[in-house]
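Engineer: Please find one structure pasted underneath; my questions will follow.
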Amino acid sequence: ILKTNNKTCGAIGSIYANQLQTFFMDVLNVYKVYSERISATVAQQGPGATQLSLVRTMRSAKKEILRLLAMFIEKSGPPEADPQAVAQGFIPPVLDLGNWQYYADNH
12 ILKTNNKTCG AIGSIYANQL QTFFMDVLNV YKVYSERISA TVAQQGPGAT QLSLVRTMRS
72 AKKEILRLLA MFIEKSGPPE ADPQAVAQGF IPPVLDLGNW QYYADNH
């Protein structure tokens, strides 16, 4: 589903803003939950846990989420995805997620 959304975003550009708004916070929550689960699994089972299929799948999904967000930001533009609206509505939660990830990885 993420790969399909990524390709759709790349193809239709700023019009994709309407679609992304419907599940934006859900995608960020998936990213956060997967991050927590990966960290917990590695903490319990050691570095070799990164080779487990479930962990690899979660890491792959996280990468697709980041690709989708990067593609959307790259393709955003008026009228559907005004740069000011993107900067105010989409960027802060993404940055908060990045700050959370950094904190979680270093504590």
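Position one of the sequence shown corresponds to residue 12 (my numbering), numbered consecutively onward.
Yeah, the Cβ is synthetic: ideal placement off N, Cα and C, and Gly gets one too.
1. Whole alpha helix (DSSP H) runs in the segment 13-67 with 4 or more residues, listed along the chain?
2. If you check the beta carbons only, do TYR45 and LYS73 fall under 8 Å apart?
3. Do THR52 and VAL38 have their CB atoms nearer than 8 Å?
4. Use the C-beta contact count for LEU80: other C-beta atoms within 10 angstroms, 16 or more gives buried, fewer gives exposed.
5. Using three-state DSSP, classify PHE101 as helix, strand or coil.
6. Is ILE76 near VAL97, with beta carbons less than 8 Å apart?
7. DSSP on ALA81, reduced to helix/strand/coil?
Structural biologist: On the basis of the data shown:
1. 13-23, 28-56
2. yes
3. no
4. buried
5. coil
6. no
7. helix
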